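**Q** In the order they appear, the protein sequences are chains A and B. According to our numbering, the residues represented by the first sequence are 4 to 67, in order. According to our numbering, the residues represented by the second sequence are 317 to 646, in order. Backbone N, C-alpha and C fix where the C-beta goes; we use that ideal spot for every residue, glycine too. None of the values given here were measured: they were computed from a predicted structure.
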Amino acid sequence: MNLGGGGGGRGRAQNNVNFGMNWTRRSTTLVNPFPSLAGGNSLQGLNATAAGSTAADAPQTISE
Amino acid sequence: MNYNHNHVSTTNLFSNVQNVAGEAGIGGVSTNPFDFGLPGISFTSFAGLTDPVPRRELDQTFTFSDTLSWSRGKHNWRFGGDYRRILQSFHSAKNAEGSFVFTGFATSQLASSGLPAQNTGYDFADFLLGLPQQTTLQSGTNSYNFRANAFDVYAQDDFRFRPNLSFNLGLRYEYNGPYTEANNQIAKPECRSGFSGAQVIIPAGAVLPGSISGVVPSSTRSLINPDRNNFAPRIGIAWKPMKQTVVRAGYGINYNLAQYEAIIQNFAFQPPFAITSTNISSHANLLTLQNGFPAVNAAVTNNFAVDPNYRLGYVQIWNLDIQRQLPAAC
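#1: Pull up the distance between the alpha-carbon of Y438 of chain B and that of S455 of chain B, whole angstroms please.
#2: In whole angstroms, what separates the C-alpha of N500 of chain B from that of G521 of chain B?
#3: Can you find a CB in chain A that lies within less than 7 angstroms of the CB of P525 of chain B?
#4: Please compile the residues from chain B whose C-beta is within a distance smaller than 7 angstroms of the C-beta of Q47 of chain A.
#5: Under a three-way DSSP split, which group does I540 of chain B fall into?
#6: Chain A partners of N320 of chain B, CB-CB under 7 angstroms?
#7: Pairs of beta-carbons, one from the stretch 481 to 491 of chain B and one from the stretch 539 to 552 of chain B, closer than 8 angstroms: are there three or more?
#8: Please determine, among B:G397, B:S346, B:S597, the residue with the shortest C-alpha to C-alpha distance to D468 of chain B.
#9: Does the Cβ of I528 of chain B have 16 or more other Cβ atoms within 10 Å, making it buried, or fewer, making it exposed?
#10: Who are the near neighbours of F443 of chain B in its chain, counting only those whose CB is closer than 6 angstroms to its CB and skipping five residues on each side?
#11: Sorted by chain position, which residues of the same chain lie with C-beta nearer than 7 angstroms to K410 of chain B's C-beta, five sequence neighbours on each side aside?
#12: At a CB-CB cut-off below 7 angstroms, which residues of chain A make contact with T327 of chain B?
#13: Measure the C-alpha to C-alpha separation of S512 of chain B and N458 of chain B and round it to an integer number of angstroms.
#14: Can you name the start and end residues of the alpha helix (DSSP H) that A441 of chain B belongs to?
#15: Which residue marks the beginning of the beta strand (DSSP E) containing V336 of chain B, and which one marks its end?
#16: What are the start and end residues of the beta strand (DSSP E) that includes Y576 of chain B?
#17: Check the Cβ of L354 of chain B against every Cβ in chain A and list those closer than 9 angstroms, keeping chain order.
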């Protein structure tokens with residue numbers, strides 16, 4: 004998700020805020036060859052990110 | 317800002333379901349339902365039998381990072397850093413249901429010395445008789461909560477010195493704190509001064525499981541002094557001496573930041589918080605399947621130690637690359 008901020012343009016700041024979330028779930032049945040025995044394995048993962056950025060143009064010199 | 321969370325669970329067919337070892341009459345092993353499973357069985361001349369070790373683990377990492385970019389003239393600067401709070405919690409017993417080793421010891425002929433003669437016994441026959449030559453078992457603490465802090469800062473400059481020559485210069489500082497255990501249930505052996513004996517080092521504030529002598533509290537909860545001088549410089553050069561030739565070179569240092577995790581895994585499951593006992597059978601006192609783990613009194617085999625001033629390893633990497641564009645084929 005991106006909450007785009009200020010617009011562009013010379014000398015104006017640009018702000019951006021990003022949010023991200025990833026959720027995963029995995030379940031595995033272990034069917035091992037002999038001599039290992041059977042079992043199970045499960046994994047549940049969550050990755051959440053929040054990031055922001057600000058960019059400012061350098062002051063411009065305009066000559067006529 | 318980032319949060320990462322992983323919950324991993326491994327089970328066998330019997331964990332929290334059936335006390336298969338107890339029902340088979342095997343005594344002295346863990347009766348915690350989480351640890352239920354078949355004991356390990358190994359032979360001299362056959363492949364052994366192993367059961368997955370039940371384990372529940374929760375890994376969490378909180379990361380805060382920031383970066384600043386700044387361009388001025390021929391320089392493009394980048395400054396940044398991040399902080400990480402690392403939490404690892406797990407519940408697992410490496411060998412709570414025990415392991416049996418069958419070598420043919422019980423069915424071998426006895427030599428005149430009274431000891432088993434070589435190559436006269438059969439390991440599978442010992443197994444059928446239920447007479448192991450050796451047993452091992454781990455008991456004690458099996459839940460751990462590891463904690464660590466880490467941060468790094470860096471500065472980097474892309475410097476375009478001339479149109480055909482540019483430099484990339486950077487310096488990074490890494491701090492990886494050694495892991496601690498939330499309940500101070502880690503330990504390591506250490507030699508006394510002058511090699512006059514050995515003592516067990518534990519974190520100050522640790523609560524011992526009973527009255528135990530020969531234990532010395534450490535000034536650091538991690539049992540290792542942090543390595544605070546991990547500076548990692550970087551330099552890169554790109555040079556175009558002629559139209560179709562480019563020369564690139566670079567040098568950098570990288571630290572092995574994962575080593576503390578391996579160390580704390582070994583500081584866990586150590587005496588006095590956990591004990592691995594090894595029992596050896598003899599003809600005068602035979603071990604059996606039912607009585608394979610008489611008591612936690614035999615030789616302790618988990619004795620991992622590390623220099624308290626351990627320094628993280630690092631690698632230096634350099635490269636030189638010359639690229640020449642060949643003329644097109646006719």
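**A** The structure says:
#1: For Y438 of chain B and S455 of chain B, the gap between their C-alpha atoms comes out near 30 angstroms.
#2: 7 angstroms
#3: no
#4: H323
#5: coil
#6: In chain order: N50.
#7: The stretch 481 to 491 of chain B vs the stretch 539 to 552 of chain B: in contact.
#8: B:G397
#9: The residue is exposed, with fewer than 16 neighbouring Cβ atoms inside 10 Å.
#10: F418
#11: Contacts found: V369, Q454, F585.
#12: Those within 7 angstroms of T327 of chain B in chain A are G42, G43.
#13: 32 angstroms
#14: Where A441 of chain B is concerned, the enclosing alpha helix (DSSP H) stretches over 439 to 445.
#15: First-last for V336 of chain B: 336 to 339, but that is the alpha helix (DSSP H), not the beta strand (DSSP E).
#16: It is not in any beta strand (DSSP E) - Y576 of chain B instead sits in the alpha helix (DSSP H) that spans 575 to 583.
#17: L40
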